[in-house]
Each structure stands twice: as C-alpha cells, then as structure tokens.
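In what follows, a structure is listed as structure tokens, so that the remarks can point back to it.
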Amino acid sequence: DILNEVIDAAAGSGPRLLFHQRLARGWKLIERDADLIRRALVLCADDLAMAPILAARTTAQSGAPLAGAALAGITALLGSPVMTQTHIASSWVVQARRNPAQALSRAIEEAGTAPGFIDRSAPDTDEIRARTLIEAARLPSDLEAVWREGETRGLVPGLPLALALLARRLDLPREGAVDLLMLGRLTGLIGHALDQAIGGSPIRTR
50 DILNEVIDAA AGSGPRLLFH QRLARGWKLI ERDADLIRRA LVLCADDLAM
100 APILAARTTA QSGAPLAGAA LAGITALLGS PVMTQTHIAS SWVVQARRNP
150 AQALSRAIEE AGTAPGFIDR SAPDTDEIRA RTLIEAARLP SDLEAVWREG
200 ETRGLVPGLP LALALLARRL DLPREGAVDL LMLGRLTGLI GHALDQAIGG
250 SPIRTR
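So the mapping is simple: our numbering equals the position in the sequence shown, first residue as 1, plus 49.
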C-alpha cells in the first residue's frame with residue numbers, strides 16, 4: 050500500500066500495472082524503455098549507506114508503523130552523499146553533454162573530480178551498478194561522450210552519474226534521476242524495516 054501510494058504520487062493515478070510500467074506511463078515513455086526504469090529501481094534498492102538503513106530499522110524497532118519507518122529512512126537519505134551527488138550530477142550532465150571535455154576540465158580544476166564520478170579506491174558496488182545501468186541505456190553519442198571522456202582521465206562512473214545520464218536519455222522530468230533513486234531505495238528501506246520488525250536483533254547505540 051505504501052509503495053502504491055508513492056508510485057501514484059510520482060506517476061499519477063492510472064491502471065495498477067507493475068511499478069516500472071506505471072512510471073513509464075506517467076512519464077510518457079515508449080514501452081521498450083520501461084525496462085530501463087525497472088533496472089534503475091532494482092539497482093537503487095539497497096546499498097551500503099548506513100544512516101538511512103539505521104534510521105528505518107531503529108524506527109521499526111520502536112514499534113512505529115511501517116510507513117513511519119520508511120519515512121525515517123527516506124528522510125535520512127535526503128542528506129546522504131548519494132542523494133547530494135545525484136542532484137548535482139543531474140544539473141551538471143545537462144551542461145556537460147554540450148562539451149564534455151570542457152565541462153570535465155572545469156570540474157576537475159575546481160573540485161578535483163566531476164559530479165557523479167567516484168574514487169577508484171571506493172567500494173566497487175557503485176561502479177558495478179553504474180556500468181550495468183549505462184550499458185543497458187543505449188546512450189546517444191553526446192551522453193556517451195560524457196562518461197567516456199571521464200574514463201580517459203581516470204575517473205570511474207558512479208550510480209549518481211548513471212542515473213543522471215539515464216534521466217536525460219529518457220527525457221525524464223528535471224528531478225527524474227532523484228525520483229528513481231528515492232523510489233528504488235524506498236523499497237529497500239521498507240525491506241530493512243520489515244526485517245527488523247519481524248525478527249531483527251535489538252539496536253543499541255555506541
């Protein structure tokens with residue numbers, strides 16, 4: 050019920066199809082591209098970010114309703130690095146696709162890296178998810194050039210960049226990449242909350 054309400058809020062009311070089909074319909078995508086929405090939701094469902102998971106599990110442990118636990122997790126997600134990077138990458142990709150080399154040079158000069166790319170020494174989960182999504186997306190040449198140019202400079206695409214590229218490939222609304230991250234992660238947080246409520250071990254602060 051929680052997921053149905055949230056999907057309706059994102060995609061508008063309509064036939065109760067599968068989640069990715071409802072989102073594709075609401076965003077006026079062709080049927081073939083609905084599968085890309087499904088892939089993005091699955092790849093966003095869980096990660097190693099502990100704050101949102103801990104928030105959802107702690108709230109569930111307290112006996113709060115499932116919706117409260119999910120909201121606690123999503124609230125913690127709003128301030129997380131992956132959410133911040135997805136916001137930034139979404140805006141940056143719009144500019145970078147016009148001149149990837151120039152946009153990357155400016156970003157590296159100002160910040161040492163470009164929005165949405167990750168450090169090679171970081172855990173490889175984000176890189177695997179990102180490459181999986183990018184390879185499935187069939188990006189047009191201008192968007193393809195953005196992450197390829199980054200790779201030539203030793204940068205590794207992360208999930209925020211992959212979501213930003215996919216959102217532009219599908220011509221989603223301005224916050225489309227953030228919506229995909231939120232909707233996919235909500236499913237994972239509900240899973241954590243259910244697991245905690247059913248049989249999770251007590252959560253103690255240290």
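The beta carbon of each residue, even a glycine, is placed where N, CA and C say it ideally should be. Just so it is clear, the structure is predicted and the values come from calculations on it, not from any experiment.
Inset, instruction - Could you check which residue in SER250, ARG65 and LEU192 has the C-alpha nearest to that of TRP141? - result: The option with the nearest alpha carbon to TRP141 is LEU192.
Inset, instruction - Can you tell me which of ALA213, GLN144 and GLY240 puts its alpha carbon nearest to the alpha carbon of ASP228? - result: With distances taken between Cα atoms, ASP228 lies closest to ALA213.
Inset, instruction - Tell me whether ILE157 sits in a helix, a strand or coil according to DSSP, three-state version. - result: The answer is helix: DSSP assigns ILE157 an H, G or I state.
Legend entry - Beta-carbon proximity list for ALA185, same chain, < 7 Å, skipping 5 on both sides: For ALA185, the CB contacts under 7 Å within the same chain, skipping 5 residues up- and downstream, are LEU85 and ARG88 in chain order.
Legend entry - Own chain, CB closer than 6 Å to ILE102, minus 5 neighbours either side, in chain order: Setting aside the 5 residues that flank it on each side, ILE102 is surrounded in the same chain by HIS241, each with a C-beta closer than 6 Å to its C-beta; the list follows chain order.
Inset, instruction - Check each candidate in GLN134, PRO130, THR133 and ALA109 and name the one with the smallest Cα separation from GLY122. - result: GLY122 has its Cα closest to that of ALA109, out of GLN134, PRO130, THR133 and ALA109.
Legend entry - PRO206 (DSSP reduced to helix, strand or coil): Per DSSP, reduced to three states, the secondary structure at PRO206 is strand.
Legend entry - Rounded straight-line distance, which links the Cα of ILE239 to that of ALA119: Going by the C-alpha atoms only, they are around 6 Å apart.
Inset, instruction - Rank THR162, ARG74 and ILE79 by C-alpha distance to the C-alpha of ALA60 and give the top, closest one. - result: Taking only the C-alpha atoms, the option nearest ALA60 is ARG74.
Legend entry - Cβ separation of GLN134 and PRO164, assumed to be a contact under 8 Å, to the nearest whole Å: The C-beta distance from GLN134 to PRO164 rounds to 6 Å, short enough to meet the 8 Å contact threshold.
Inset, instruction - May I ask which residues mark the beginning and end of the alpha helix (DSSP H) holding GLY265? - result: Any property of residue 265 remains undetermined from this structure, which presents the chain solely from 50 to 255.
Inset, instruction - Could you tell me which residues DSSP puts in a beta bridge with PHE68? - result: None; PHE68 has no bridge partner.
Inset, instruction - Output the distance between the C-alpha atoms of ALA104 and GLU159, rounded to the nearest integer angstrom. - result: The straight-line gap separating the alpha-carbon atoms of ALA104 and GLU159 is approximately 34 Å.
Legend entry - Beta-carbon proximity of GLY207 to ASP244, cut-off 9 Å: If you check the CB distance, GLY207 and ASP244 do not come in under 9 Å.
Inset, instruction - Please confirm whether SER139 and GLU198 have their CB atoms less than 9 Å apart. - result: Using a Cβ distance threshold of 9 Å, SER139 and GLU198 do not count as a contacting pair.
Inset, instruction - Would you grab the beta carbon distance between LEU230 and ALA211 for me? Rounded to a whole angstrom, and I think it's under 8 Å. - result: With a contact defined as Cβ atoms closer than 8 Å, LEU230 and ALA211 miss out at about 10 Å.
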